[in-house]
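Engineer:
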Amino acid sequence: MSLNISAKEIKPLRQNFGHIARRIGDNKPATRYQEAVYDVQPTTNFHYPPSWDPSRKIYDTARTAIVMQDWYSFTDPRQYYYTSYVAARAKQQEIMESNFELVEKHNLLQSLSAELADQIRQVLIPLRHYEYGANMNNQDICHRGYGTTITSVASYNGFDRIGMAQYVSRIALLLDGNEETSLNAAKVAWLEHPAWQGLRHAMEDSFVLDDWFEILMVQDVIMDGLLFPLIYERFISQVAAQGGSTFLMLTQFMNEWNEENTRWTNQLLKVTANESAENAALLAQWTQVWLARVDTALAPIAHLAFGDQGAEQLAAVKTELVARLAKQGVKV
Amino acid sequence: MAKKLNMRKRYELLTRGLGWEPTYQSKDKVFAQEAYEGIKITDWSKWEDPFRLTADAYWKYQAEKDKKLYAVMDSFAQNNAHLNLADASYVNALKLFIQGVSPLEYAAHRNFARLARQLSGEGAQIACQMQSIDELRHAQTQIHTISHYNKHFNGMHDPFHMFDRVWYLSVPKSYFDDASSAGPFEFITSVSFSFEYLLTNLLFVPFMSGAAYNGDMATVTFGFSAQSDESRHMTLGLEIIKFLLEQHEDNLPIVQGWIDKHFWRAYRLLGLVAMMQDYFLPESPMSWKEGWQIYFVENAGALFNDLGRYGLKMPKYHEIATAEADHISHQVFGIFYNYIHAAAFNLGLPSEAKMNWLSEKYPDTFDKYYRPRMEMWAEMAKEGKRFFNMGLPQLCQVCQIPMGFTEIAKGDPMQIAYRVSEYQGEKFHTCSDGCKTIFDYEPAKYVNAWLPVHQIFQGNCGGAAVPDVLNWYHFHPEDGGDYVGSADEARWKAMKGEAAAPEAAQPTQADAA
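The listed protein sequences correspond, in order, to chains A and B.
Following our numbering from start to finish, the first sequence increments by one per residue and tops out at 332.
Following our numbering from start to finish, the second sequence increments by one per residue and tops out at 1513.
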């Protein structure tokens, strides 16, 4: 097709969609992130009451007690839209893939002591179920939450959980030469071993919470906020020090992931707590209740991981979490 | 030496068994949506994974696909490749797409997340989760592709605001709200089977081959990139139906009822696509009727032959839809021709060449019923009496399309069809037996419909006069009306270095009002 370049009129009529222009003006182009998330969710004039929640609308701000003037006040510090999200994960998975390959090729787990292998089986492998439950909670937030900046982050978060559950499962298969012994044992532990019951109980209770923001608080802030540093920073470091440095590679994704998860949850808490004293109080109240609960639930797992040092290690991550939350305006 | 795992076994080990039966809370409470529709699942482990994609493989493939897609998008924008379109009138198809289709992708994203939370079988759960995030991809890549068009053409500047308010967009919105407000199994039957499996080609092919025929490579690229996801979604649609029917015989009548209902709902929605396909595209790859013949009559016919062993029958009223294939695009066009002053896209009477194409594609109906109408409208316009309907139409209580369909199946294609139901002492109007059957089965649901015309009369849409309502929609004066004489046409000619044609002086809505 030929073009008459000299004659063409290509000065744009406008820079931005109207809903974007109302937020950032029409004098500078929107980022791909802004276009992908701002105001995409319907807000009004729904046709039928949902059969699964008949007293509310399909999307409804009343599904949480948190009140925001503008549910798009929070934006993801990582600026993830679908493509930037999968691009970031694709890079990470490439590294993980070569990590797993290296471990497999050189049979790096062969030299692992039986004690250490056993500890990995007891402490790490049951977490595949934790991730699955965390995924359920984040899919729920994605569905019942309000505003695409939050719900899309929950979607990525949930997807990551499946990824992490699968990485943990692969570690089990590596330990067993592709037999499912450790996978089966971990499920039994998750369902029956006393050490895991407090955590599973707390998680099952979180499944049935009505307020999606409370679920987010319990799952993505408090449970993750204690468990990830406890396991992936402290426990894995200890394993590495005892001759299991291979596990630093096999859990690299989880460690990096925790840093990311902390970035967006911090931002969300900061924006939400800053909005009003009522929000801040509610976040603090949820934190108070669930922090105590999850702290207790993790004590036997900390013991499995660190023996007598367990209480001290757990207390340290709890102090870090409390300080982190206080910095965002959530004070307990 | 480690045992070798095949793909199937490996996938099973990595996913199945991740979930567990809760004991601290009851299963009924944790998976509160699984039972209330009356669907009986006896054993989730019988679920056959329709695709075995681990999260890491998903990230890898999708990132590769998107890298290519965004490279095309960037170069399209940089080179102002919209100048390569066959004609700017083609862009009206994109207007309808961003206003009416992209919001449905988004709604699918949120609702598949619901299923990913609510279904207790890991296989189905993870498949729904992948579809949920895919649908977010589709909504976002469409926004990003059409963002460039929004800079150069009208009608695409506020699609999400419009979706929640505009009269004709309540057709797609109510269609999807119907499934979103239903239980999880009705939702997935509706979206994954009745829509994605049975009818998606009737949406996809017209838009994407329309784009290809008219020089829109950006849209073609996102379309084909999305299609590789769609093939996963289609296999999920088929698997869920087979699974439900294999699980318990009591599921059959429930599932058949949903297929019947959502087939008809989706078919009515596709009336808008039929109009686009036959009337918007400067270059038409295929008529609506040809598409219906291939993608529904032949493909769905073969599919239901296969599904017969489960006791499943072709959707109710499918023969009416097939009889209407000769008429539907012309009738929907007629409706929009009347109301184009209140739309955010442009439309025009077909040219002589286009009418000859329509005569050829619709030998039994176009010359007999519809060409005379077009010629009369053209004559009126020539005399300065371009016909606009300034009243507000009666809408079907279910599909929400203005009542303009006729008694085709009864052999009376010139007679407007309408049906009446009574519920709690009030009368409710529907456009067809299909919509009436849906209403009568769940009247308590459909009386809640947010009918745009009723809402205008009740004063909920910015005012009583048409300009007030259009303002409330965020329509600009240049968004609607006839294509000839439109701002887009004038701009296109300026872009191409052509002078405005003398016949561009057709009356616009301002003259009619």
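Virtual Cβ for every residue (Gly too), placed ideally from N, Cα, C.
When the cut-off is 7 Å and only beta carbons count, does Q110 (chain A) lie next to chain B?
Structural biologist: Taking Cβ atoms only, chain B never reaches closer than 7 Å to Q110 (chain A), which makes this a no.
Engineer: Could you tell me which chain B residues have their CB closer than 9 Å to the CB of A165 (chain A), listed as they occur along the chain?
Structural biologist: What A165 (chain A) touches in chain B: L1014, T1015, L1018 and A1055.
Engineer: Under the DSSP definition of a beta bridge, which residues are partnered with Y1423 (chain B)?
Structural biologist: B:E1426, per the DSSP bridge assignment.
Engineer: Since V86 (chain A) meets chain B, which of its residues come closer than 7 Å, beta carbon to beta carbon?
Structural biologist: The contacting residues are W1059, Q1062, A1063 and D1066.
Engineer: Quick check on E180 (chain A): buried or exposed, where buried means 16 or more other Cβ atoms within 10 Å of its Cβ?
Structural biologist: Looking at its Cβ environment, which holds 16 or more other Cβ atoms inside 10 Å, E180 (chain A) is buried.
Engineer: Could you check the C-alpha separation between S245 (chain A) and R1010 (chain B) for me, to the nearest Å?
Structural biologist: So the alpha carbons of these two residues sit roughly 26 Å apart.
Engineer: Is it the case that the Cβ atoms of S182 (chain A) and A172 (chain A) are separated by a distance below 7 Å?
Structural biologist: In this structure, A172 (chain A) lies closer than 7 Å to S182 (chain A) by Cβ.
Engineer: By alpha-carbon positions, which one of A:Q15, A:F46 and A:R128 ends up nearest to W196 (chain A)?
Structural biologist: When only C-alpha atoms are compared, the closest one is A:R128.
Engineer: Relative to chain A, which residues along the segment 1471 to 1487 of chain B have a C-beta separation below 8 Å, given in chain order?
Structural biologist: If the cut-off is 8 Å between Cβ atoms, the segment 1471 to 1487 of chain B has H1474 near chain A.
Engineer: Check for me: the alpha helix (DSSP H) holding I1328 (chain B) runs from which residue to which?
Structural biologist: From DSSP, the alpha helix (DSSP H) with I1328 (chain B) extends over I1328 to Y1339.
Engineer: Applying the 10 Å Cβ sphere with the 16-neighbour rule, what's the burial state of E1249 (chain B)?
Structural biologist: Classification of E1249 (chain B): exposed, given that the 10 Å Cβ count is below 16.
Engineer: Flag this pair as touching only if the segment 143 to 163 of chain A and the segment 304 to 324 of chain A have three or more C-beta atom pairs under 8 Å; answer yes or no.
Structural biologist: Judged by Cβ distances under 8 Å, the segment 143 to 163 of chain A makes no contact with the segment 304 to 324 of chain A, as fewer than three pairs qualify.
Engineer: Skipping 5 residues on each side, what residues in its chain have a beta carbon closer than 6 Å to that of V1166 (chain B)?
Structural biologist: Correct list, in chain order: Y1473.
Engineer: Please specify which runs of the alpha helix (DSSP H), each continuous and at least 4 residues long, are wholly inside the segment 1150 to 1214 of chain B, giving them in chain order.
Structural biologist: Listed in chain order, they are 1159 to 1163, 1170 to 1180, 1184 to 1188 and 1200 to 1213.
Engineer: Among A:E104, A:P126, A:V123 and A:D205, whose alpha-carbon lies nearest the alpha-carbon of N137 (chain A)?
Structural biologist: Ranking A:E104, A:P126, A:V123 and A:D205 by Cα distance to N137 (chain A) puts A:D205 first.
Engineer: Decide if the segment 1067 to 1080 of chain B is in contact with the segment 1119 to 1127 of chain B; the criterion is three or more beta carbon pairs, one per stretch, under 8 Å apart.
Structural biologist: These segments do not touch.
Engineer: Determine whether the beta carbon atoms of T1221 (chain B) and V1332 (chain B) lie at a separation below 7 Å.
Structural biologist: Their beta carbons are not under 7 Å apart, which means T1221 (chain B) does not touch V1332 (chain B) by this criterion.
Engineer: Distance, Cα to Cα, C1431 (chain B) vs E1407 (chain B)?
Structural biologist: Those two C-alpha atoms are separated by around 10 Å.
Engineer: Pick helix, strand or coil for I1401 (chain B), following the three-state DSSP scheme.
Structural biologist: Three-state DSSP puts I1401 (chain B) in coil, outside helix and strand.
Engineer: Comparing alpha-carbon positions, which option in A:I120, A:I301, A:Q139 and A:A292 lies nearest L321 (chain A)?
Structural biologist: Comparing Cα positions, the closest option is A:A292.
Engineer: Buried or exposed for D333 (chain A), going by 16 or more other Cβ atoms inside 10 Å?
Structural biologist: Because chain A in this structure spans residues 1 to 332, residue 333 (chain A) falls outside the shown range and cannot be described.
Engineer: For R89 (chain A) and Y48 (chain A), what's the separation of their Cα atoms in angstroms?
Structural biologist: Between R89 (chain A) and Y48 (chain A), the C-alpha separation is close to 38 Å.
Engineer: Apart from the five residues on each side of it in sequence, which residues of its chain come closer than 7 Å, Cβ to Cβ, to Q1506 (chain B)?
Structural biologist: Residue placement at Q1506 (chain B) is poorly supported in this model, since its pLDDT is 42, which falls under 50; the coordinates still yield a value, given next. Closer than 7 Å at Cβ, skipping near neighbours: A1381, R1386, D1482, V1484 and G1485.
Engineer: Note down, in chain order, every chain B residue with its Cβ under 9 Å from the Cβ of E180 (chain A).
Structural biologist: Correct list: L1013 and G1017.
Engineer: Residues of chain B with CB closer than 9 Å to the CB of E214 (chain A), please, in chain order.
Structural biologist: Under the 9 Å cutoff, chain B gives no residues; its nearest Cβ is about 15 Å from E214 (chain A).
Engineer: Per DSSP, what are the beta-bridge partners of E1478 (chain B) in this structure?
Structural biologist: Bridge partners of E1478 (chain B): none, in fact.
Engineer: At least one CB of chain A closer than 7 Å to the CB of L1005 (chain B): is that the case?
Structural biologist: L1005 (chain B) counts as touching chain A.
Engineer: Taking 7 Å as the threshold (beta carbon to beta carbon), is Q93 (chain A) in contact with chain B?
Structural biologist: Chain B, which has a Cβ nearer than 7 Å to the Cβ of Q93 (chain A), makes this yes.
Engineer: Can you round the beta-carbon distance between F1097 (chain B) and F1207 (chain B) to whole angstroms, since I take them to be within the 8 Å contact cut?
Structural biologist: Indeed they touch by this definition, with Cβ atoms about 6 Å apart.
Engineer: Inspect the beta-carbon positions of Q93 (chain A) and D1056 (chain B) and report whether they are closer than 7 Å.
Structural biologist: For Q93 (chain A) and D1056 (chain B), yes; Cβs fall inside 7 Å.
Engineer: Give me the Cα-Cα distance between K91 (chain A) and V40 (chain A), rounded to the nearest whole angstrom.
Structural biologist: When rounded, the distance between both Cα atoms is 28 Å.
Engineer: Counting only C-beta atoms, is N1251 (chain B) closer than 7 Å to chain A at any point?
Structural biologist: No - not a single Cβ of chain A is within 7 Å of the one on N1251 (chain B).
Engineer: Report yes if the CB atom of H1330 (chain B) is closer than 7 Å to the CB atom of F1388 (chain B), and no otherwise.
Structural biologist: Not in contact: H1330 (chain B) and F1388 (chain B) (Cβ atoms no closer than 7 Å).
Engineer: Do the segment 1256 to 1265 of chain B and the segment 1174 to 1189 of chain B make contact, defined as three or more Cβ pairs closer than 8 Å?
Structural biologist: Flag = yes, the segment 1256 to 1265 of chain B and the segment 1174 to 1189 of chain B touch.
Engineer: Could you name the residues of the same chain whose beta carbon sits closer than 6 Å to that of A1302 (chain B), not counting the 5 residues immediately before and after it, in chain order?
Structural biologist: Cβ within range, chain order: n/a, list empty.
Engineer: At a Cβ threshold of 7 Å, is A1449 (chain B) touching chain A?
Structural biologist: It does: the Cβ of A1449 (chain B) has a partner Cβ on chain A nearer than 7 Å.
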